[in-house]
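Count along the sequence shown from 1, then add 125; that gives the number in this note's numbering.
To start, the structure itself, in structure tokens.
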Amino acid sequence: MAFANLGRNKKKTVLVVVSLALSVTLFNALCAFVGGFSMEKYVSAMTCADFIVSTPDYFRYNPADEFITPEQIEEIAANTKASLSGTGYAVRKPAYLWMTENALRQDYAKYESAEQLDSHMSRLEHRGNMVMGDTRIEALDNSLFDKLQVFDGDISPMLEPDNNAIAIAVSLDDYGNLPNL
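Below, the structure is given as structure tokens:
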């Protein structure tokens, strides 16, 4: 009976068949795209660890006074296979530095329009041709230095005691390239 109804209005029948064929084709393309995405490959470019342990606030980018205690770190170490491990630290309070206005403009150019950038620069404190920019201070356990990717220079002075060496962390794009450098 259903096949008999298909012949009653040929235009509607063609429209339904084409619509169903298109939906199946789009669904097939979506499945192929999702199946071709490797979460392992994507995450491996973002972190050098098998897993990261922290408080929920860390993963929500919410600054709070919650931290993992040394006892919790010891418990995790006791319940996992021995491997390369370490701890990263960050200073919570804002830190400031003086840099040239051109360098700061180049840094912010990818986030703000020219008008927003001019307005932002007018609100910052200036000393001659230097402008006050914000920075973040971080530290790593010595065991994690092997995992760092060095683009220019040598990381070994960071491991020497009583040395006032610094390293500058940069962000990479999704393809591992240094933007704006």
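Backbone N, C-alpha and C define an ideal beta-carbon position, used for all residues, glycine too.
Just to confirm, is the Cβ distance from GLU263 to ALA294 under 9 Å? Against the sequence shown, residue 263 aligns to sequence position 138. Against the sequence shown, residue 294 aligns to sequence position 169. For GLU263 and ALA294, yes; Cβs fall inside 9 Å.
Our contact map puts GLY211 next to LEU265 with C-beta atoms below 8 Å; I'd like the distance itself, whole angstroms only. To locate residue 211, count along the sequence shown from 1; it is residue 86. To locate residue 265, count along the sequence shown from 1; it is residue 140. With 8 Å as the limit, GLY211 and LEU265 qualify as a contact, their Cβ atoms being about 6 Å apart.
At a cut of 8 Å, does the segment 226–233 reach the segment 200–207 through at least three beta carbon pairs? no
Taking VAL178 as the reference, give the member of ASP277, LEU145, ASN130 and THR194 with the closest Cα. In the sequence shown, counting from the first residue as 1, residue 178 sits at position 53. Ranking ASP277, LEU145, ASN130 and THR194 by Cα distance to VAL178 puts THR194 first.
Helix, strand or coil for ALA203, going by three-state DSSP, please let me know. Stepping through the sequence shown from its first residue, residue 203 is reached at position 78. Helix.
Pairwise C-alpha distance: LEU145 and PHE270: If you number the sequence shown from 1, residue 270 lands on position 145. If you number the sequence shown from 1, residue 145 lands on position 20. Roughly 56 Å separates the two Cα atoms.
Quick one: what does DSSP say VAL256 is sitting in, helix, strand or coil? Within the sequence shown, numbered from 1, the residue matching residue 256 stands at position 131. Three-state DSSP puts VAL256 in a strand.
Could you have a look at LEU229 and say whether DSSP puts it in helix, strand or coil? Position 104 of the sequence shown, counted from the first residue, corresponds to residue 229. If DSSP states are grouped into helix, strand and coil, LEU229 belongs with the helices.
Output the distance between the C-alpha atoms of GLY213 and MET255, rounded to the nearest integer angstrom. Position 88 of the sequence shown holds residue 213. Position 130 of the sequence shown holds residue 255. Answer to the nearest angstrom: the Cα atoms are 31 Å apart.
Return the first residue and the last residue of the beta strand (DSSP E) that LEU265 is part of. For this step, residue 265 is matched to residue 140 along the sequence shown. Unbroken beta strand (DSSP E) run through LEU265: 263–265.
Out of curiosity, what's the CA-to-CA distance linking ASN289 and MET164? Residue mapping note: residue 289 aligns to position 164 of the sequence shown, counting from 1. Residue mapping note: residue 164 aligns to position 39 of the sequence shown, counting from 1. If you take the alpha carbons of ASN289 and MET164, they lie about 39 Å apart.
Please name the residue, chosen from LEU297, PRO219 and LYS218, that lies closest to VAL275 on a Cα-to-Cα basis. Residue mapping note: residue 275 aligns to position 150 of the sequence shown, counting from 1. Comparing Cα positions, the closest option is LEU297.
Pick out whichever of PHE152, ASN204 and ALA215 has its Cα sitting closest to the Cα of LEU192. Sequence index remark: in the sequence shown, residue 192 carries index 67 (1-based). Strictly speaking, residue 192 in this sequence is Phe, with Leu absent from that position. Closest by alpha carbon: ALA215.
Quick check on this structure: which residue in GLU285, LEU249, ALA292 and LEU284 has the alpha carbon closest to the alpha carbon of ASP277? As a working note, residue 277 is residue 152 in the sequence shown. ASP277 has its Cα closest to that of ALA292, out of GLU285, LEU249, ALA292 and LEU284.
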